[in-house]
Each structure stands twice: as structure tokens, then as C-alpha cells.
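> Questions regarding the structure given below will be posed in turn.
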Amino acid sequence: MRSKSPSLKRTVQFFVIALVIHHSWYLCWSSPAGPTTGKCCDVSIVLVTSPIPSHPSTELVDEVIRSFDLVQGLELCPLVIVADGFQVREGRPAWNQGRIDESTRQKYLGYVDALKSKYGPVGTGADGAESADGRAVKVVGPLAKRVNFGHALLAGLSEVHSEFVVVVQHDRVFAERLDMGRVLSLFDKYKEGLRYVGFQTVPDYVTYAVSKYGGWARSELSEKETGLIPCFIWYDSTHVCRTRDLARLIAREVKPGEFIESSFGCRLLAKIQEKKDKWNFAYHMEKYGLFLYYEPTVGARGPELKNHVTWHTRPLLSYFPTLQHEIAERLLHEEHLGPVNGLRPLVRHVSGRSFVSREERIKMGWPAERPSAARRVRHVRQGNQGDAYSPLDGLDTLPLDSDDADQKV
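Number 200 in the UniProt record's numbering belongs to position 200 of the sequence shown; there are no gaps in the numbering.
Below, the structure written as C-alpha cells:
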């Protein structure tokens with residue numbers, strides 16, 4: 001009996017060491033990576049907002065700002081919020097043109113005041129007010145008149161002192177974790193050509209582009225390397241540019257009252273299509289510099305980790321049911337369950353014109369949260385990987401208005 005004790009002791013030691021190794025491996029892959037540097041990237045954020053029916057509630061823009069937490073490198077980057085102007089007139093509001101009635105004007109002014117109060121100063125620095133989380137925040141506006149997205153953005157750029165800027169609309173939320181440092185490194189890699197890096201709002205932009213523009217628009221993607229997808233319109237949706245270059249482009253190509261996308265963006269698309277016989281990745285980079293960010297690991301950690309735990313650690317975990325339960329619970333609540341191909345929307349559009357705040361839902365007798373979101377949570381807790389859950393799914397939207405002509409990215 002005594003002769004077996006050392007063997008049993010070594011066996012127990014082996015399992016304990018193996019447990020520590022595998023648990024450490026799990027934590028490494030399931031936890032978000034720390035910031036690449038001790039400070040944020042050389043980038044600021046400009047968020048443009050305008051009147052929508054849910055004002056004076058700040059719920060929508062609050063969710064947009066919270067979604068910045070998904071982006072490594074944006075933790076403490078300065079934020080400029082620009083409130084566009086408006087034109088008061090009687091009758092039904094024309095949201096896209098900033099034409100609103102007196103009642104809506106009062107709600108919009110209340111909304112801007114609420115933004116200044118919520119994100120206003122707890123201290124003052126050279127870059128403006130400092131929010132409670134340490135981020136420098138400045139709320140600009142409402143502007144003296146309605147200038148629309150392009151020149152409202154230009155007003156915000158005048159407050160930016162960083163080399164790069166992340167442009168955000170008030171109803172676009174980040175939906176996946178990503179590293180802004182990797183995005184900015186592409187500007188170093190393609191110094192001579194790259195002008196614009198946007199983020200997909202559809203699962204597979206390559207297929208979308210081919211179906212819309214033709215086979216000539218197809219591009220190849222790496223299954224292993226971070227890269228770029230050629231884009232054919234300068235979309236207003238979330239994107240990164242060099243600050244000075246963007247300011248010069250707006251001043252030169254966009255008139256007050258215009259969107260960049262529907263003016264310069266459409267003219268650029270026409271030029272690209274005229275030269276489609278010459279088109280390829282290198283030509284697109286040299287002449288247009290217009291791309292979407294592609295990260296093959298987006299959405300991959302959840303399924304890969306689950307498979308690894310299932311096939312490689314099952315014998316070990318069977319000895320430790322408590323740890324097995326802990327890992328199973330974390331896997332079921334993993335935000336990135338889904339296709340392992342990197343083709344997932346990085347940004348989601350939550351239509352501002354049809355957004356209904358939680359307070360308004362309750363007033364109308366609706367459930368405080370969307371039933372579809374509640375079902376999605378329930379499915380994930382039951383282990384249904386096919387209907388992945390994101391904490392952003394609580395945002396409420398109704399069908400788009402008939403005049404909502406947003407382009408897909």
C-alpha cells in the first residue's frame with residue numbers, strides 16, 4: 001500500500017498542474033486583451049447627432065458611447081459630440097433635413113442639455129471637459145443652423161488635435177470586439193494610398209458588392225491575416241480617417257446641407273465603375289484608398305474555445321465538475337458565439353428615426369425590453385449557438401420609415 005502512495009501523489013500533482021495550465025489558457029483566450037499601450041491610440045472620436053423622435057432621452061447615444069468599450073484603444077480617447085442645427089416649421093418633421101416643429105425643438109434642446117449634464121465636466125483640461133470615466137468630452141452645439149452630417153462633422157473636426165479620427169453617427173454601435181491599434185497600423189502599412197477604413201454592417205460585404213456591382217468587384221480575403229476589403233462608396237457610417245485629410249475633403253467636396261455619402265460618395269462610386277476594366281486591389285488603393293476593415297478572428301474565439309474544451313480537456317474536467325460548470329457558464333454567455341470566418345458585422349445600425357426608448361415603451365404599455373432580445377438570451381442559456389447573444393440586443397428598433405434610404409456597408 002505504501003509503495004503506491006508516491007504514484008498516487010504524482011498523479012494528483014499532475015492533474016493539479018494540468019488544471020492550472022488549462023484554466024490559465026482558458027482565461028487568456030476568453031478574456032479581452034489589455035490595451036496595447038498604457039495610453040490610448042493617437043485618435044479622437046467625433047459623434048454627430050441631430051433631432052430624432054426619442055428625444056429628450058439620451059438612451060440611444062448612451063448605448064453608442066458604451067459600445068466604445070468593445071474597441072481596444074478607445075478607452076480614454078477624447079470624444080467630441082456635435083449637435084447639428086435645425087429649422088423650425090409647422091407640420092410633420094422631416095428628420096433627414098432637420099426640419100422640426102416647436103415641440104420637437106424643445107425636446108431636442110432638452111436632449112442636448114442632458115448630454116452636457118451627463119457627459120459634462122467633473123474637471124477641466126486642455127482638451128475640454130473630463131467625463132466621470134476620465135475621457136475628455138466636449139459637446140458642441142446645437143449649431144446655429146442645420147448643416148447636415150458633412151459640415152456638422154467638419155465643425156467637430158475643428159476640435160480634434162489627434163492625427164486620426166473615428167467618425168460615428170448617433171445610431172451606429174460597435175457590435176464586436178476589435179483592436180483600434182490594428183486598424184491604425186494599416187495606415188502605416190499603406191501610407192501612400194489608404195484614406196478611409198470603415199467597418200462592415202453586413203455579414204459579408206464582398207458578396208454584397210459582387211451582387212450589387214458585378215463580378216469585377218470581387219476581392220480575396222486571407223483566412224489568417226488582418227486586412228482590407230475594397231469599398232466602393234464613402235459611407236457616412238463608422239469609419240477612421242486622418243483628421244486633416246478628412247477636413248480638407250469635406251471642405252472641398254461637400255456642401256452645407258449634404259451628407260458625404262450621398263454627394264461625394266456617389267460621385268466616387270461613379271468614377272470607380274467607369275474604370276472597372278482596370279480595377280484590382282492595387283489600383284483601388286492607389287486611386288481611391290477606400291476600404292473596410294477585415295479581421296478573420298472576429299467571432300472565432302467562442303466556438304474554437306468550446307471545441308477545445310470539449311475534445312482536449314474533457315477527461316481532465318470530468319474530475320473537476322465545479323470548474324466544468326464554470327467554463328460551461330462562461331461559454332454560454334460568450335458574446336462571440338457564431339460563424340468562425342471573420343465575416344460578421346462589426347457595426348450595427350439602430351435606426352434613430354424609429355428608435356423607441358425604454359421609458360416610451362413602458363408608457364405605451366409595451367415590454368420594457370424587446371421580446372426578440374429576451375428570446376435570444378433564453379436560447380443562449382439553453383446552449384443554442386445558432387442564435388448568438390450580444391449585450392447590444394436590448395436596443396429597440398421598429399421597421400424603417402419609408403423615407404429611410406440608408407446604404408448598407
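Glycine included, C-beta positions come from ideal geometry on N, C-alpha and C. Here the structure is a predicted model, which is why all the values come from computation and not from measurement.
Considering just the uninterrupted stretch of the alpha helix (DSSP H) at residue 410, what are its terminal residues?
Lying outside 1 to 409, the shown extent of the chain, residue 410 is not represented and no answer is given.
> Kindly list the residues whose CB is nearer than 8 Å to the CB of His55, restricted to its own chain and excluding five residues on each side of it in sequence; keep chain order.
Within the sequence shown, numbered from 1, the residue matching residue 55 stands at position 55. Only Thr104, Lys107, Tyr108, Gly110, Tyr111 meet the Cβ criterion.
> My output table needs one value for Thr201: the three-state DSSP class, helix, strand or coil.
The sequence position of residue 201 within the sequence shown is 201, counting from 1. The answer is coil: DSSP assigns Thr201 none of H, G, I, E or B.
> List the endpoints of the continuous beta strand (DSSP E) containing Ile260.
Counting from 1 along the sequence shown, the entry for residue 260 is found at position 260. Unbroken run through Ile260: none, as it is neither H nor E.
> Please name the residue or residues paired with Phe291 in a DSSP beta bridge.
Position 291 of the sequence shown holds residue 291. Beta-bridge pairing links Phe291 to Val197, Pro230.
> Tell me the DSSP secondary structure of Asp101 in three-state form.
Mapped onto the sequence shown, residue 101 falls at position 101. Of the three classes helix, strand and coil, the one that applies to Asp101 here is coil, per DSSP.
> First and last residue of the beta strand (DSSP E) that includes His349?
To locate residue 349, count along the sequence shown from 1; it is residue 349. It spans 347-349 - the beta strand (DSSP E) in which His349 sits, taken as one unbroken run.
> Residues in its own chain within less than 8 Å of Trp279 by CB, not counting five upstream and five downstream?
As a working mapping, residue 279 is identified with position 279 in the sequence shown. The answer, listed in chain order, is Trp216, Ala217, Ile272.
> With 16 as the cutoff for other CB atoms within 10 Å, does Ala251 come out buried or exposed?
Here residue 251 is taken as the residue at index 251 of the sequence shown, counted from 1. Exposed, because fewer than 16 other Cβ atoms sit within 10 Å of the Cβ of Ala251.
> With a CB to CB cut of under 7 Å and the five nearest residues on each side skipped, what residues in its chain are close to Glu261?
Counted from its first residue, the sequence shown places residue 261 at position 261. Closer than 7 Å at the Cβ level, and outside the excluded window around Glu261, lie Ile233, Trp234, Tyr235, Asp236, Gln407.
> Alpha carbon to alpha carbon, what distance is there between His284 and Lys116?
Here the question's residue 116 lines up with position 116 in the sequence shown. Here the question's residue 284 lines up with position 284 in the sequence shown. Distance between the alpha carbons of Lys116 and His284: 42 Å.
> Which ranges would you report for the alpha helix (DSSP H) in the region 48-98 if only whole runs of at least 4 residues count?
Listed in chain order, the complete alpha helix (DSSP H) runs (minimum 4 residues) inside the region 48-98 are 59-66.
> Start and end of the alpha helix (DSSP H) containing Lys145?
Working through the sequence shown from its first residue, we reach residue 145 at position 145. Lys145 -> no alpha helix (DSSP H), and no H or E assigned at all.
> Could you give the DSSP three-state label for Ser158: helix, strand or coil?
Here residue 158 is taken as the residue at index 158 of the sequence shown, counted from 1. Three-state DSSP puts Ser158 in coil, outside helix and strand.
> My output table needs one value for Ala251: the three-state DSSP class, helix, strand or coil.
Translated into positions along the sequence shown, residue 251 becomes position 251. Correct three-state label for Ala251: helix.
> Please state whether DSSP places His284 in a helix, a strand or coil.
Position 284 of the sequence shown, counting from 1, holds the residue named residue 284. If DSSP states are grouped into helix, strand and coil, His284 belongs with the helices.
> So, with DSSP's three-state summary, where would you put Ser219?
The count along the sequence shown starts at 1 and reaches residue 219 at position 219. Reduced to three states, the DSSP call for Ser219 is coil.
> Going straight from the alpha carbon of Gly73 to that of Lys145, what length do you get?
Within the sequence shown, the letter at position 73 stands for residue 73. Within the sequence shown, the letter at position 145 stands for residue 145. Going from the Cα of Gly73 to the Cα of Lys145 covers about 34 Å.
> Could you check the C-alpha separation between Phe164 and Thr243 for me, to the nearest Å?
Residue 164 sits at position 164 when you count from the first residue of the sequence shown. Residue 243 sits at position 243 when you count from the first residue of the sequence shown. Taking the straight line joining both Cα atoms gives about 5 Å.
> On the criterion of 16 or more Cβ atoms from any shown chain inside 10 Å, does Ala282 qualify as buried, or is it exposed?
Position 282 of the sequence shown, counted from the start, is the residue given in the question as residue 282. Classification for Ala282: exposed.
> For my contact list, Leu184 and Val46 are in at a C-beta cut-off of 8 Å; report their separation, rounded to the angstrom.
Start at 1 with the first residue of the sequence shown, and residue 184 comes out as number 184. Start at 1 with the first residue of the sequence shown, and residue 46 comes out as number 46. That pair is no contact at about 16 Å.
> Roughly how many whole angstroms lie between the Cα atoms of Gly227 and His349?
One-based indexing of the sequence shown puts residue 227 at position 227. One-based indexing of the sequence shown puts residue 349 at position 349. Computed Cα separation, rounded: 23 Å.
> Since Leu290 and Cys231 are thought to touch, with beta carbons under 8 Å apart, how far apart are those beta carbons, to the nearest angstrom?
Here residue 290 is taken as the residue at index 290 of the sequence shown, counted from 1. Here residue 231 is taken as the residue at index 231 of the sequence shown, counted from 1. Contact holds; Cβ gap of about 5 Å.
> Hey, how far is the Cα of Glu288 from the Cα of Thr49?
Counting from one through the sequence shown, the residue named residue 288 turns up at place 288. Counting from one through the sequence shown, the residue named residue 49 turns up at place 49. It should be noted that the sequence gives Tyr, not Glu, for residue 288. One C-alpha to the other measures close to 28 Å.
> Sorry if obvious, but does the Cβ on Ser219 come closer than 7 Å to a heavy atom of the ligand FMN?
Judged by which ligands are present, the structure shown has none, so any question about the ligand FMN falls away.
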